[in-house]
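What follows is one structure encoded as structure tokens, with my remarks underneath.
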Amino acid sequence: MISQVQRARGYPERVHPWIMQLLERKPMRLATIAIANKTARVIWAILTKETVYRQSAA
Numbered sequence: 000m001i002s003q004v005q006r007a008r009g010y011p012e013r014v015h016p017w018i019m020q021l022l023e024r025k026p027m028r029l030a031t032i033a034i035a036n037k038t039a040r041v042i043w044a045i046l047t048k049e050t051v052y053r054q055s056a057a
């Protein structure tokens with residue numbers, strides 16, 4: 000999660016727009032927690048539904 004925030008600082012074009020918008024609105028630590036929370040929710044959904052991860056089009 001922190002690596003995404005660090006990448007956003009140096010290479011903003013390589014980071015998902017959602018992360019960039021989040022960093023514009025929230026302090027770095029809160030953004031890191033939000034990214035971790037989203038990742039955990041995606042993993043939980045994949046495991047409980049026994050599906051394959053499909054990346055969003057955005």
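Per numbering that gives the first Met the number 0, the very first residue in the sequence shown carries number 0; after that it's consecutive.
Just so you know, even glycine gets a beta-carbon here, dropped at the ideal spot from N, CA and C.
Element boundaries [alpha helix (DSSP H), containing residue i]
i	result
P16	P16 to R24
R126	The chain is shown from 0 up to 57; residue 126 falls before or after that span and cannot be answered.
R73	With the chain covering only 0 through 57, there is no way to say anything about residue 73.
Contact with chain B by residue i, beta-carbon distance below 8 Å
i	result
R40	Any reference to chain B falls outside this structure, which holds one protein chain only.
Contacts around residue i, its chain only, beta-carbon distance under 8 Å, and the 5 residues preceding and following it disregarded
i	result
K25	A33
Cut-off 7 Å between Cβ atoms - residues of its own chain near residue i, not counting five sequence neighbours on either side
i	result
V14	Q3, R6 and A7
S55	none
Exercise. Using 8 Å as the Cβ pair cut-off and three pairs as the minimum, do the stretch 1-11 and the stretch 28-46 touch?
Worked result: Yes, since at least three Cβ pairs between the stretch 1-11 and the stretch 28-46 fall closer than 8 Å, the two stretches touch.
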